[in-house]
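Report on the structure given below.
Residue numbers (full-length UniProt numbering), protein chains in the order written: chain S, 1 to 290; chain Y, 1 to 290; chain C, 1 to 290; chain F, 1 to 290.
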């Protein structure tokens, strides 16, 4: 845990905001107004237990919960305060084998290091990569069409980008409920429940360079980058935490409005879709696709 | 018109997409998916006739129209095709003296110069500042509280940032319906219907420098910048079109989610709120405040 | 002194390397290989006692000393160790009223925070603006032609840039002994011995923005910027230390080789020459010119 | 030739300045003041015929010629106008098997697209990567110590950076006669006369990204990048011209003064020395080392 914590605080620049009696550590990025966005727990193997989305209010949470049940999704209740300072959570697993949660309330702590009155441009004292906010996750597993139905038709996400194979089957889907090109993304893979990466937002391409330099200076394992994605056109670097979980930090990329038609990439250009400059997949990414 | 057109195409980098028989010229920025976002017409004096917001669909347009009328706002119908390739528009004037429109349909032309399949990162052949998209307008006039009611309580905007005077009166309001810190902003001023600037989005601080260089190279009148705003923390430069309308190009700045509490600036720090580095208002901005 | 020291270390990011029994404080920027490049001493008024140039070796120092004397310049000896860990210095005053020194030896301490074997890209732990190196000074005073003779014809500098008035008189001269567009610059002014600014190098335009933000966050008095100069085309910001001395941090700008013809600016474009974006001089700069 | 020319003009952004009756095409980068810095000729295989250095004046050329001969280097005369608008050249081959030339005169045409009076910050109309200047070449071959003697002891270069193997043998040397960390570099290789790459300077890391994007958009073969080197710490991308010659565009990196001690990298960290972020050599670079 110490090593992981050092990775997420000293290197990524997240801020520890609390711990609980299970030994879990609560972290946030500086621009986030809620108390935490990442929770670390000790485990025998790497992975992501679940990803949670905050909804507008308790009414919305109730409505979405009903909608999920009506759609045939089994939901599980996680009581308030199971995570400190977080309200009740509605948990469900999608057919790709990944667990998600919805919640409406979390303690509002404001941006770290900044006043809410006459705030400075950024807080002094940030460490490492100075991650601005948690941004999205990429998961891989089967049954993307069924996952799409839940996210788009029940939860109200939009399809921003997709990869289609020659038969027109969607083998990757980038879903959004914001102006971001993806709040969550899925890639098709036979084995369920696989976690590809958690991504954090940086402000500039120069920050991506700084991140790359820090990865080297801290002897952190790099995956690929600095480079650009074809999908979303974000500028990115991938690396690994001490447990072997992949992290991304990135900046830029396209924006989304609900009247945008989905951007389509074709599998014959998949190398370019994933790594825009090299235009080929590295071995690690090849493994995701089989 | 020729001079204005050259300003918006050669300098800002907008793309001319059409003209109509009234002599109006239709322009868009490259990343916008609809046919146009800016329409120029010849006039005796500078100014902005109206600002329009696209709504989700025709049902939403009907509902918002009803809501406006119910709230006591007088609405006016502008028929489809009054602007080429644009659906019907619902027009109304708010108590600050500014006209706005809502519409649901406009011809979808996709991003300029990019395919919707396997799109490159950006189109080649862009000119001047390579403006990415139209972003927001800043207006000034009286009755900000009444304007707030219409935008927030009827149209569903959120208050992202505000300036409060020592009595707690809101003398400026930055309103959003997106992740952007402002889709529209107002500053209190006795005279109604004043137009401060139209703002276009650039990708990076280096693009702001390039814009500044191009302003000089084209002998364009500069207002202020490159600098940063305190409000929104955007990185910015202001300049004038040949008619005397103020333009802004900017990048970066904070982001908004509906659970964010409004950021407050106080009038005793107004210099810093507007021009974060100089921390004083220039004469032109002083004139807005009186 | 404490306030000044805090300015140069916490804000500019210089590193304190020593103090002496006169109470002088020795500072360096991280990329400089010698022990110090800036020495602060307490004084009743702001200013710059002298600027020193390091020459190749003791033979060069002897030769230049002879050349100065031959040319009719009075030289003064400053013994080794008058400044700690610095060899003997040859001091002289030029007709503009400014004192300069030459020396050949100073203690080599290497780049701060970096190994000389397999060095990382930059040291961790830098503060504030993270100034990369001391770069140049701008002085103003009379007798520029006589100053030119000493620097160019005796010391071997080249004229990289100049400002000419309508009569062809050089009212400003930018002199270099490197690839830099100026190692020292002079502007004509009736009163002798005036010090305009000491300038430190930053790596990028984003660092200039960061510097501007830090100037605001520390309530430091700003002069002008971020902007670009016409002369040298450097990207710059000017501000004041607590004593009222002007500092510049800048990046970029043109480069020089000895086969370059001097760049000429004309006094009718002086506003643009100094502040490329505003194209007018601010009041403080006007005062320099009279 | 057409394809090569398109690569160097449309993609790199060099400017064609002349052709001669041998069919050679003369190119320059915009900031260079002489008429050309790159000459393309049709050939059966890729490679670099020679690299030339401009010396201060004819006296210097005569002196260096004598010094080379005295040192035992065979020199060859290439008459003035063998290359159009270029003075006489002194040619010699070093023990690594690479040909070099010295010359003192070339036609001065000034910076492309800029006036020498009141010049703008950069010329409009540049294409592609907008290369700022030719910067250096990297060669590989045997007998580095003998090459070192010629460049350092005869021609006056300094050793800025080196790679040492465990026995302390220099297996790579980066040599400079400027503030640049290398004007020319050599890597040890058994086979003589090998050409690794020609490098062009860009202004910023954002320009390196733009270059990477353009490499993809033009289906140009990429080698590696964007990334940083450990040696020199430059930010870089490598790619190939249509003939298979490797090009580099880069920005930043360390600076050199004659009082700097050489930076040393050790062969056990060679991966990091070459590709600072990946910290391993790619297969193509491995081939250079054997």
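Cβ coordinates follow ideal geometry from the N, Cα and C atoms, glycine included.
Owing to the predicted nature of the structure, the values given are computational and were not obtained by experimental measurement.
Check	Outcome
Straight-line Cα distance separating residue 145 (chain F) from residue 189 (chain F)	13 Å
Proximal residues of chain C, C-beta to C-beta of residue 213 (chain S) below 9 Å	120, 121 and 122
Whole-angstrom C-beta distance between residue 137 (chain F) and residue 221 (chain F), which should lie under 8 Å	That belief does not hold up - the Cβ atoms of residue 221 (chain F) and residue 137 (chain F) are roughly 19 Å apart, past 8 Å.
Beta-carbon proximity check, residue 27 (chain S) vs residue 11 (chain S), cutoff 8 Å	no
Partner residues on chain Y for residue 260 (chain S), Cβ-Cβ distance less than 7 Å	33
Other residues of its chain near residue 209 (chain C): CB distance less than 8 Å, five sequence neighbours each side excluded	226
C-beta neighbour in chain F for residue 9 (chain Y), strict 8 Å	no
Where residue 346 (chain Y) sits in the DSSP three-state scheme	The question about residue 346 (chain Y) has no answer, for chain Y in this structure spans 1 to 290.
Exposure of residue 79 (chain S), with buried meaning 16 or more beta-carbon neighbours within 10 Å	exposed
For residue 140 (chain Y), the nearest candidate out of Y:207, Y:96, Y:58 and Y:9 (CA to CA)	Y:96
Nearest-angstrom Cβ-Cβ length linking residue 117 (chain F) and residue 264 (chain C), presumed shorter than 8 Å	5 Å
Neighbourhood of residue 153 (chain Y) by C-beta distance below 8 Å, restricted to the same chain and skipping five residues each side	71
Contact residues within the segment 33–65 of chain F, judged by C-beta distance below 8 Å to chain C	33, 34, 54 and 56
For residue 250 (chain S), the three-state DSSP class (helix, strand or coil)	strand
Reduced DSSP category for residue 284 (chain C) - H, G, I as helix; E, B as strand; rest coil	helix
Validate contact between the segment 92–108 of chain F and the segment 46–60 of chain F using beta carbons, cut 8 Å, 3 pairs	yes
Cβ contact check for the segment 4–19 of chain S and the segment 125–134 of chain S: 3 or more pairs under 8 Å	yes
Cβ-Cβ separation, residue 174 (chain F) to residue 182 (chain F) (assumed contact under 8 Å), whole Å	4 Å
Local conformation of residue 211 (chain Y) per DSSP, three classes	helix
Interface positions of the UniProt domain "VOC" (133–252) of chain C facing chain S (Cβ-Cβ less than 7 Å), listed along the chain	204, 206, 213 and 217
Same chain only: Cβ atoms within 8 Å of residue 55 (chain C), ignoring 5 sequence neighbours per side	61, 64, 102, 103 and 104
Alpha-carbon to alpha-carbon, residue 172 (chain S) and residue 186 (chain S)	5 Å
Expected contact under 8 Å - CB spacing of residue 233 (chain C) and residue 121 (chain F) to nearest Å	5 Å
Chain C contact residues for residue 272 (chain Y), given Cβ-Cβ distances below 9 Å	216
Residue 57 (chain C) vs residue 36 (chain C) beta-carbon contact at 8 Å	no
C-alpha distance - residue 269 (chain F) paired with residue 250 (chain Y), whole-angstrom precision	43 Å
Unbroken stretches of the beta strand (DSSP E), 3 residues or longer, contained in the segment 63–125 of chain S	75–78, 89–93 and 99–103
Below-8 Å beta-carbon distance, residue 278 (chain F) vs any chain S residue	yes
Start-to-end residues for the beta strand (DSSP E) that takes in residue 225 (chain F)	222–228
Rounded separation between residue 277 (chain F) and residue 123 (chain C) - CA only	16 Å
Neighbour flag for residue 16 (chain C) against chain F, beta carbons, 8 Å	no
Distance, residue 43 (chain C) Cα to residue 34 (chain S) Cα	50 Å
Beta-bridge pairing of residue 16 (chain F) - partner residues as DSSP gives them	F:27
Proximity of residue 158 (chain Y) and residue 169 (chain Y) at Cβ, strictly below 8 Å	no
The alpha helix (DSSP H) enclosing residue 173 (chain C), as first and last residue numbers	Not the alpha helix (DSSP H): residue 173 (chain C) falls in the beta strand (DSSP E), residues 170–176.
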